[in-house]
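Residue numbers (my numbering), protein chains in the order written: chain S, 3 to 154; chain D, 3 to 154.
There are 2 protein chains.
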Amino acid sequence: MRITAKADYAVRAMAELAAAPPGQPVKAEALAASQDIPRNFLDNILGELRSAGLVRTLRGPEGGSMLGRPAAEITVAEILRVVEGPLAAVRGVRPESLDYAGAATRLPEVWIAVRANLRAVLERVTVADLAAGKLPADIGRIAKNPEAWLPH
Amino acid sequence: MRITAKADYAVRAMAELAAAPPGQPVKAEALAASQDIPRNFLDNILGELRSAGLVRTLRGPEGGSMLGRPAAEITVAEILRVVEGPLAAVRGVRPESLDYAGAATRLPEVWIAVRANLRAVLERVTVADLAAGKLPADIGRIAKNPEAWLPH
DNA sequence: CATAAGTCGACTAGAACGATCGACAAGATA
DNA sequence: TATCTTGTCGATCGTTCTAGTCGACTTATG
Chain S
3 MRITAKADYA
13 VRAMAELAAA
23 PPGQPVKAEA
33 LAASQDIPRN
43 FLDNILGELR
53 SAGLVRTLRG
63 PEGGSMLGRP
73 AAEITVAEIL
83 RVVEGPLAAV
93 RGVRPESLDY
103 AGAATRLPEV
113 WIAVRANLRA
123 VLERVTVADL
133 AAGKLPADIG
143 RIAKNPEAWL
153 PH
Chain D
3 MRITAKADYA
13 VRAMAELAAA
23 PPGQPVKAEA
33 LAASQDIPRN
43 FLDNILGELR
53 SAGLVRTLRG
63 PEGGSMLGRP
73 AAEITVAEIL
83 RVVEGPLAAV
93 RGVRPESLDY
103 AGAATRLPEV
113 WIAVRANLRA
123 VLERVTVADL
133 AAGKLPADIG
143 RIAKNPEAWL
153 PH
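Here's what the structure looks like:
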């Protein structure tokens, strides 16, 4: 149940791209510096985001990366799926295709509910929200609850 | 963002223990068979659950494992924390101690919201619920929504 | 005492994680 | 056209995690 460095880097890089004027390429070097991401590793990540169509790039001097689509249409969930695969897989299998016996019969429904609640956050936040520093109201409300900050 | 085999096995084993008459030990062999868990691996897992106090054991013939506390007081979240560590860590770090620059400034709040939503499910479901085959109403409602079942 | 259980630590093959590196391709400018 | 700057892509690599296996040992029961 952890978010990997790669996923975290990917979201931060996308947020930084969303903060740049649309159509204006940002150099990988600048991205790496502003978000403190290892340069070579960032290359890998940008490559994956590129093949998924989430970023476009220009070569040469004046080159760099930019968003492949409007920032307001790119959710955090989408980025995570590109670099990490499906949200909330159990042993690498999607929860809807699990089948358990005995006392665990209802367990798949719990995993489904987990995934649904993940999506309720991750599909609601876009990189435009991050770049603007404004989260959707309901997400902000969840995050503002002091109990959510306890190191549970 | 995945649930490991170990975590899945641990929850299923606990559910099976919760289904047995309280105080009655269940043999590891029987647990392994009823939930189809590799026997030796189950030993490891039971060991961890034991040191966390979630299960108690008896040795000798007539021995086996039983819950360390009433089934209704043991949540799925607690089991996951024992075998997988904190819910929703980012690069191994708890989200409340992250600090990002620039366009990613609000990102920790997103991770906090993710964790809060995970907890809303995992801390609400107990092994007693699983054993009885009855999930809490709000969880059941989330899991019943047909859209939650799409392979998104 | 024989036997049936749990206990515990060591070990391992393979995959994933988190990068690093180098050769190459393409656009911009002179 | 030469050259510089930037992105592209695949190979490699050390470490950690995953998912187990195994065996020697301890504890209860009949």
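Built from N, CA and C at the ideal position, the CB exists for glycine as well. Everything numeric in this text was worked out from a predicted model, so none of it was measured.
Taking 8 Å as the threshold (C-beta atoms), are residue j and residue i in contact?
i       : j       : result
L132(D) : L109(S) : yes
K29(S)  : G62(S)  : no
A118(S) : I144(D) : yes
E50(D)  : L33(D)  : no
V112(S) : V123(D) : yes
State the Cα-Cα distance for the pair residue i and residue j, rounded to the nearest angstrom.
i       : j       : result
A54(D)  : A9(D)   : 14 Å
P138(D) : T128(D) : 9 Å
V116(S) : I81(D)  : 15 Å
R41(S)  : L48(S)  : 11 Å
G142(S) : A150(S) : 11 Å
P148(D) : I114(S) : 10 Å
A198(S) : R93(D)  : The displayed coordinates of chain S run from 3 to 154. Any statement about residue 198(S) would go beyond what the structure contains.
E64(D)  : V95(D)  : 43 Å
R83(D)  : R14(D)  : 15 Å
I39(S)  : A130(S) : 20 Å
T77(S)  : A22(D)  : 45 Å
F43(S)  : M3(D)   : 20 Å
H154(S) : L60(S)  : 45 Å
M16(S)  : E75(S)  : 12 Å
L152(S) : D140(S) : 19 Å
E31(S)  : K146(S) : 34 Å
E125(D) : K136(D) : 15 Å
Hey, quick one: how far does the beta strand (DSSP E) through residue i stretch, first residue to last?
i      : result
G66(D) : G66 to L69
L60(D) : V57 to L60
Which chain S residues are close to residue i, counting only those with a beta carbon under 8 Å from its beta carbon?
i      : result
G55(D) : Under the 8 Å cutoff, chain S gives no residues; its nearest Cβ is about 18 Å from G55(D).
I47(D) : Within chain S, no residue comes near I47(D); the closest Cβ sits about 14 Å away, beyond 8 Å.
Identify which residue in the options has its Cα closest to the Cα of residue i.
i       : options                             : result
A79(S)  : A134(S), L19(S), L120(S) and Q37(S) : L120(S)
A134(D) : Y11(S), A15(S), A106(S) and V123(S) : A106(S)
D45(D)  : Y11(D), A22(D) and Q26(D)           : Y11(D)
Q26(D)  : I39(D), V57(D) and D38(D)           : V57(D)
I5(S)   : G87(S), L152(S), A73(S) and S36(S)  : G87(S)
Q37(D)  : R126(S), D101(S) and R71(S)         : D101(S)
A7(S)   : P97(D), K146(D) and E125(D)         : P97(D)
Give the interface partners of residue i over in chain S, defined as CB-CB distance under 9 Å, in chain order.
i      : result
Q37(D) : Y102, A103, G104, A105 and A106
Since residue i is in the alpha helix (DSSP H), which residue starts that stretch and which ends it?
i       : result
Q37(S)  : A30 to Q37
W113(S) : L109 to L124
I47(S)  : R41 to S53
E18(D)  : A7 to A21
D131(D) : V129 to A134
E80(S)  : V78 to E86
Kindly list, in the order they appear in chain D, the residues whose Cβ is closer than 8 Å to that of residue i.
i       : result
V123(S) : V112, A115, V116 and N119
Would you mind telling me which residues of chain D sit closer than 9 Å to residue i, beta carbon to beta carbon, in chain order?
i       : result
L51(S)  : Those within 9 Å of L51(S) in chain D number zero; the least Cβ separation is about 15 Å.
E86(S)  : M3 and R4
P24(S)  : Within chain D, no residue comes near P24(S); the closest Cβ sits about 14 Å away, beyond 9 Å.
V92(S)  : R4, I5, T6, A7, A9 and D10
I141(S) : E111, V112 and A115
Find the residues of chain D that neighbour residue i, judging by a C-beta separation of less than 7 Å, and give them in chain order.
i       : result
E75(S)  : Ordered by position in chain D, no residue passes the 7 Å Cβ test against E75(S), which lies about 16 Å from the chain.
L132(S) : A105, A106, R108 and L109
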